[in-house]
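J.: Per the numbering used here, the very first residue in the sequence shown carries number 8; after that it's consecutive.
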Amino acid sequence: MNTSELIENFEFLDSWEDKYRYIIELGEKLPPLDTKFKTDEWKIRGCQSQVWLVPSKQADGTMNFSGDSDAMIVKGLIAIVLMIYNHTSAARIKEIDIGDVFARLGLKEHLSPSRRNGLEAMVEKIRYYADVFQKGQ
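(1) May I have the straight-line CA-CA distance separating D47 from G53, to the nearest angstrom?
(2) With a cut-off of 8 Å on the beta carbons, I'd call D75 and L40 a contact; round off their distance for me.
(3) Is the segment 14-22 close to the segment 89-105, with three or more CB pairs under 8 Å?
(4) Give a yes or no on whether the C-beta atoms belonging to L37 and A86 are separated by under 7 Å.
(5) In terms of alpha-carbon separation, which member of G68, Y29, K43 lies closest to L84?
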C-alpha cells in the first residue's frame with residue numbers, strides 16, 4: 008500500500024475510534040522483527056514504548072525499514088511510517104513532508120504528545136539513515 012492509498016483508507020473511516028482500530032490492525036499485520044535486532048543499537052530514543060527500527064539498502068538503490076514495538080498502537084504507527092518510507096530513495100525520504108501526511112491521516116490531533124514525540128523520533132531516525140546511505144553512495 009502506498010501513501011495515497013493509506014490516506015484514502017483513513018478518509019473513508021468516520022471516527023477516530025475506527026481509525027484507532029485500523030492502526031492496530033496495521034500493526035497486527037506488521038511482520039515480527041527478529042529478536043537479534045531488539046537491541047540498544049536499533050532502539051529508537053524518545054519513544055515511550057520500546058521501538059526498534061532497522062534499515063536496509065535494496066539492490067535498486069531504495070531503502071527499506073523493518074520495525075517493531077511492545078505496544079500494539081505503536082506497532083500500527085510503525086506500519087504507517089514504513090508504508091510511507093519503504094521502497095523509497097534516500098533523496099526522496101528527505102523530501103517527504105511527513106507533517107502533511109500525518110495531518111491528512113489525523114494523527115497530529117488525536118495522538119498524545121508522547122506518541123507524537125515517538126513518531127517524530129522514528130522519522131528523524133529514518134532521515135538519519137537516509138543521510139548516511141546517501142553519503143555512502
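Where is the CB? At the ideal position from N, CA and C, for every residue including glycine.
T.: A quick look at the data gives this:
(1) 13 Å
(2) By a beta-carbon distance limit of 8 Å, D75 contacts L40. Their separation comes to about 4 Å.
(3) no
(4) yes
(5) Here the closest residue by C-alpha is Y29.
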